[in-house]
Amino acid sequence: MRAYLAVDNELTDLDDDPETLQQAVASNWVDLIVIIPDGYADRLVASAASEGKAPAVETVTSYTSGAGSMASMDVSGFLSLTRTALIGGNVTVDPAELAARFGGMVSQQGAPSIGTPSTGATDGTSQSFTLNDSDLAKLGESGGITLDQLPEGALKNLTMDDLKSATKQAVDTVHDKNANHAIAVDHSADSAASDSASAAERTPDRATNGFGGLMKVVLYPLFLAMTVCTSLVLGVFNAGETRRRLYASPQRSSTMGMQRMATLCAFALVVVAGYLAITLAMMAVTGVDPRSLAPAGVAMTITSTCVYALMTVACGFLLGECGFNDIMANGFANVFGLAILFTSGATFPLDLMPEPMVAIGRMLPGWWYCASVDDALGIGSASASGPNVIAWGLSTGIVALFAVALVCVGLAAGRARRQRPASFAPTTTQLTEN
-15 MRAYLAVDNE
-5 LTDLDDDPET
5 LQQAVASNWV
15 DLIVIIPDGY
25 ADRLVASAAS
35 EGKAPAVETV
45 TSYTSGAGSM
55 ASMDVSGFLS
65 LTRTALIGGN
75 VTVDPAELAA
85 RFGGMVSQQG
95 APSIGTPSTG
105 ATDGTSQSFT
115 LNDSDLAKLG
125 ESGGITLDQL
135 PEGALKNLTM
145 DDLKSATKQA
155 VDTVHDKNAN
165 HAIAVDHSAD
175 SAASDSASAA
185 ERTPDRATNG
195 FGGLMKVVLY
205 PLFLAMTVCT
215 SLVLGVFNAG
225 ETRRRLYASP
235 QRSSTMGMQR
245 MATLCAFALV
255 VVAGYLAITL
265 AMMAVTGVDP
275 RSLAPAGVAM
285 TITSTCVYAL
295 MTVACGFLLG
305 ECGFNDIMAN
315 GFANVFGLAI
325 LFTSGATFPL
335 DLMPEPMVAI
345 GRMLPGWWYC
355 ASVDDALGIG
365 SASASGPNVI
375 AWGLSTGIVA
385 LFAVALVCVG
395 LAAGRARRQR
405 PASFAPTTTQ
415 LTEN
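Heads up, the sequence shown is in my numbering, so the first residue is -15 and it goes up one at a time.
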């Protein structure tokens, strides 16, 4: 077994005591331990002679590596080959039973001259004969005898020498290159096809897919950052004392609110511009030329990202108008942002997503943002049809509608809080004197 396993594995000697064996597996020092019980060879020979089930060896496989499982398969292969060689090399057939089955009258037109005549005619049409090994070979070649027609063989008086010879045959088999042909993969066709395509033809696809994938990845961090920032900034202005001072100023509160929102939207667009610059720089560092991108596709993708960024500001506006504190805003942005990310199709291929997940994704803005990027660049879900301006416009418009809806809900929530401040104010404890 050591010679058989040494072909594809590295063997290590261990002390035969439980502590050493347990430590070797627990520390991931070895991938597989094979324990051969005492008397295993005798039981293997006995099982072959009695046509019983082969005895099993004990194995301990490491839990951190697949190499141990592969080596365990090698152990099973060695034992199977050894048992096969032991049976096949020592099976015998009773000559009397063989003669009784095939040594009778043969009267077959054109039959080969086989056997040793014993009685009967000598004209070749009918004779009685016995068969030896060469006769069986000739009949097998002529189609006269098949394996299922042979009498059942028997194993008698198997010895340790027979088992040793069988193990040698198993080891010789694993070293025999004619029996174990090396697997060769012919890449000539792929190489010819790749050589025929120029680098200029391959670069646009690589650049487009890389640019689109990077622009989809911004979905979660942009939502998290802008939603939390907008909520916190607006929460400061909506605090009780600050809000009363702003209401007391001569400037209209609606004008100041529009100015705050415009500032936050401008900041979101600056974040998009910074991420775009980082994306193009990463492409250049990896050897992809950003100039190979289609200008129209890049423009539509940037527009979609800007609309999505404004939607994140609208979501932060909603949280701020609802009075979310920093902990609540962070929790909502993380949970909702992850839901948008994993249902948008940016992390999993659409054909691998279950139907309920797809249905949820279609009700969230992340799905339509990724769809707009695909339609702008002709990748992903639009790889078959190519860039589609109409589909891009519809997807981007849906993202914009999400932003409008969030702003409307935020305005309604803010108006309700201002009209009934007591309903939204935190409870306080008042002390009274008796």
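For each residue, glycine too, the CB sits at the ideal point set by N, CA and C.
With a 10 Å radius around the Cβ and a threshold of 16 neighbouring Cβ atoms, residue 13 comes out exposed.
Within a 10 Å sphere around the beta-carbon of residue 349 sit 16 or more other beta-carbons, which makes this residue buried. For the pair residue 343 and residue 359, the CB atoms are not nearer than the 8 Å cut-off. When beta bridges are read from the DSSP output, residue 305 appears opposite no residue.
In the assembly as shown, residue 305 is a buried residue. Its beta-carbon has 16 or more other beta-carbons within 10 Å. Close CB contacts of residue 31 within its chain, under the 7 Å cut and outside five residues either way in sequence, are with 37, 38 and 39 (chain order).
Contact between residue 217 and residue 248 holds, with the beta-carbon distance rounding to 7 Å and staying under 8 Å. Counting only residues of its own chain and dropping the five nearest sequence neighbours on each side, residue 15 has a CB closer than 8 Å to the CB of 45, 46, 49, 51, 52 and 55. A straight-line Cα-Cα distance of about 17 Å links residue 66 and residue 19. By the Cβ-count criterion, residue -4 is exposed, with fewer than 16 other Cβ atoms from all chains shown falling within 10 Å of its own Cβ.
Taking the C-beta atoms as reference points, residue 204 is found nearer than 8 Å to residue 325. DSSP assignment within the stretch 345 to 405 yields the following whole alpha helix (DSSP H) runs of 4 residues or more, N-terminal first: 349 to 361 and 373 to 403. Counting every other CB atom within 10 Å of its CB across the protein chains shown gives residue 262 a total below 16, marking it as exposed. For residue 210, the closest of 42, 256, 198 and 192 by C-alpha to C-alpha distance is 256. Judged by pairs of C-beta atoms under 8 Å, the stretch 276 to 292 does not touch the stretch 323 to 342, as fewer than three such pairs exist.
Ranked by Cα distance from residue -13, the options 68, 148 and 34 are led by 148.
Relative to residue 363, the option among 282, 146 and 246 whose CA is nearest is 282. Per DSSP, the beta-bridge partners of residue 43 are 18. DSSP, reduced to helix, strand and coil, places residue 57 within a helical segment of the structure shown. The beta-carbon distance between residue 194 and residue 272, rounded to whole angstroms, is 6 Å. This is short enough to meet the 8 Å contact definition.
Residue state for residue 2 is assigned as helix, using DSSP reduced to three classes.
Just measuring C-alpha positions, the residue of 156, 144 and -7 sitting nearest residue 26 is 144.
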